[in-house]
Structure formats: C-alpha cells, structure tokens
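> Before we start, here is the structure in question, set down as structure tokens.
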Amino acid sequence: MKINKSGLVEGDKNIYRSTEQPNLYRFPINEMHNWTNIIKATKSTYNFMSVPKDIKVFKYPESSNWFESNRLLGLANKHISIAEFDKLNARIGGVKKVNLIMIGFDDPDPYIGKFQESKWIGGKKNDLVLCYGYYNNKVKWAYVFGWTEKELVKRNLETLLLTNKINNDLLPKIEQEVIKNYELKDFKKFNYMQIEPPGWAYIALLAVQLLVQGGFWVYAYYNNNKENT
20 MKINKSGLVE
30 GDKNIYRSTE
40 QPNLYRFPIN
50 EMHNWTNIIK
60 ATKSTYNFMS
70 VPKDIKVFKY
80 PESSNWFESN
90 RLLGLANKHI
100 SIAEFDKLNA
110 RIGGVKKVNL
120 IMIGFDDPDP
130 YIGKFQESKW
140 IGGKKNDLVL
150 CYGYYNNKVK
160 WAYVFGWTEK
170 ELVKRNLETL
180 LLTNKINNDL
190 LPKIEQEVIK
200 NYELKDFKKF
210 NYMQIEPPGW
220 AYIALLAVQL
230 LVQGGFWVYA
240 YYNNNKENT
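With the working numbering, the residue at position 44 of the sequence shown is 63, and numbering never jumps.
Laid out in structure tokens, this is it:
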C-alpha cells in the first residue's frame with residue numbers, strides 16, 4: 020500500500036507504524052548503574068564483618084554483555100538457564116525495581132552465605148541475592164539477602180530453595196513470591212547517618228594548618244617592609 024505524506028509544507032515528515040509483537044516476546048538487556056551507598060562509608064549497626072582470605076566468595080557480577088548477564092554464579096549457572104533467568108528479571112524488574120542474583124555453593128556450611136553478604140556489603144540497593152548450598156545432590160541450606168522493606172520475601176524465598184529442585188521450573192514460583200511480597204528499600208531513610216572522616220584526614224588537616232599558619236608567622240616576623248613616611 021502506497022502512503023502519500025510529503026511533509027514539505029508543515030507537520031512531521033516521518034511516518035510511524037506500530038511495532039507490537041503478537042507473541043509478547045521480551046528481549047532482555049542489562050546494564051550497570053552507579054549509586055551511593057552511605058552505609059559503606061559509615062559506622063553503624065549495619066556494618067558487616069570482614070571476610071577471611073581463605074573463604075571463597077564471589078566478586079560482584081559485572082555487566083560485560085548487554086544481551087546476557089552474569090547474575091547466575093557458581094552452581095546456579097549449571098542448574099538454571101541464564102536466558103530464562105534474564106527473562107525473569109526483565110519481567111519483574113520493570114514492576115518491582117528488583118535485581119535478582121542467584122549463587123550456588125558446593126559447600127555444606129551455611130555461614131558462607133553470611134560471608135557473601137559481607138563481601139558485597141549487603142548488595143546494591145535493588146539487589147535480592149538468593150544463595151544456596153548444594154552438596155551430595157541436595158540443597159543443604161539457603162540464605163537470601165538484600166535491601167527491602169519486607170523481610171518476609173527473603174524468608175519465603177529461602178523456603179522455596181529448600182523445598183524445590185533448583186532448575187527452571189522454580190523460576191515461576193520465585194517470580195510469584197517477589198511480585199507478591201518484595202518492596203524496594205527507601206534509602207532516603209539512611210540520610211540521618213553522618214560520614215566520619217578517616218584518621219588520616221585529621222592528620223592532613225593539622226599538617227595543612229601548621230604549614231599555613233607557621234608560614235604566615237615566619238613571614239610576619241621577618242617582614243622588614245616599612246610604611247613610607
């Protein structure tokens with residue numbers, strides 16, 4: 020069909036057509052965003068323990084590929100399809116502003132989940148991190164951490180990890196729980212925290228004051244300039 024629209028006189032010269040997809044397919048992409056973590060820079064009840072060097076925990080997954088994330092770490096990358104997990108994040112991310120990450124450990128000690136939380140300082144403000152220990156072909160423990168106004172969602176997700184097989188069939192249950200109970204943490208509530216300068220900052224301030232004031236005193240004491248009479 021031929022469409023006549025010159026746009027030579029006035030109006031928009033472009034012709035727009037709808038690009039609706041009848042199959043409702045979602046093509047997920049991912050990217051990194053910066054944010055300010057005031058908890059990291061302050062001393063408070065939210066401080067996390069230091070992680071011993073011999074404890075093997077994961078670095079935070081960086082986004083190196085727009086079309087495939089690194090949200091599945093450890094054994095989780097073997098148990099679940101990254102494509103399906105990214106689609107899950109695409110569906111719930113726009114609705115709940117949440118970023119799901121899953122980590123599978125081959126370690127029967129559940130305390131490693133706490134170390135992982137400390138390594139990431141609780142995670143970024145919209146992270147919800149699902150950790151589980153898989154040993155002897157069975158989930159031995161589960162620990163979920165992240166910032167949220169409702170702690171119930173984390174406990175319910177731990178139950179899902181402990182009572183279901185870790186595969187793609189678990190994803191709809193995770194999605195349903197997050198949609199129902201997750202609420203993004205309001206980080207403005209932490210604005211009352213005050214960032215204390217480190218010890219070296221006080222030393223640097225004292226040194227600068229001594230140099231400036233001492234230099235001025237020496238200049239004033241040995242200044243031989245006299246006012247013309």
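Cβ atoms here follow ideal geometry from the backbone N, Cα and C, with glycine treated the same way.
Please name the residue in Ile120, Leu176, Lys157 whose C-alpha comes closest to that of Gly142.
The candidate whose alpha carbon is nearest that of Gly142 is Ile120.
> May I ask you to report which of helix, strand or coil DSSP gives Tyr201?
Looking at Tyr201 - three-state DSSP - the assignment turns out to be coil, as it is neither helix nor strand.
> Please confirm if the stretch 144-153 is in contact with the stretch 126-134, defined as three or more CB-CB distances below 8 angstroms between the two stretches.
Segments in contact, yes.
> Which first and last residues belong to the alpha helix (DSSP H) in which Trp14 is found?
The question about residue 14 has no answer, for the chain in this structure spans 20 to 248.
> Straight-line CA distance for Trp222 to Leu229?
A small fix is needed here, since residue 222 is Ile in this sequence, not Trp. Those two C-alpha atoms are separated by around 11 angstroms.
> Pick out whichever of Ile101, Leu147, Leu181, Tyr241 has its Cα sitting closest to the Cα of Asn84.
Minimum Cα distance to Asn84 is reached at Ile101.
> Go ahead and label Gln135 buried or exposed: buried means 16 or more other beta carbons lie within 10 angstroms of its beta carbon, across all protein chains shown.
Its Cβ being crowded by 16 or more others within 10 Å, Gln135 is buried.
> If you draw a straight line from the alpha carbon of Asp146 to that of Gly165, how long is it in whole angstroms?
Computed Cα separation, rounded: 5 angstroms.
> Taking 7 angstroms as the cut-off, decide whether the C-beta atoms of Val76 and Lys159 are in contact.
Not in contact: Val76 and Lys159 (Cβ atoms no closer than 7 angstroms).
> Is DSSP giving Thr248 helix, strand or coil here?
Residue placement at Thr248 is poorly supported in this model, since its pLDDT is 48, which falls under 50; the coordinates still yield a value, given next. Looking at Thr248 - three-state DSSP - the assignment turns out to be coil, as it is neither helix nor strand.
> Count the other CB atoms within 10 Å of the CB of Leu225; is the residue buried (16 or more) or exposed (fewer)?
So Leu225 counts as exposed.
> Starting from the N-terminal side, write out each stretch of the alpha helix (DSSP H) that is 4 residues or longer and does not extend beyond the stretch 59-124.
Those alpha helix (DSSP H) runs which fall completely within the stretch 59-124 and span 4+ residues are 95-98, 101-115.
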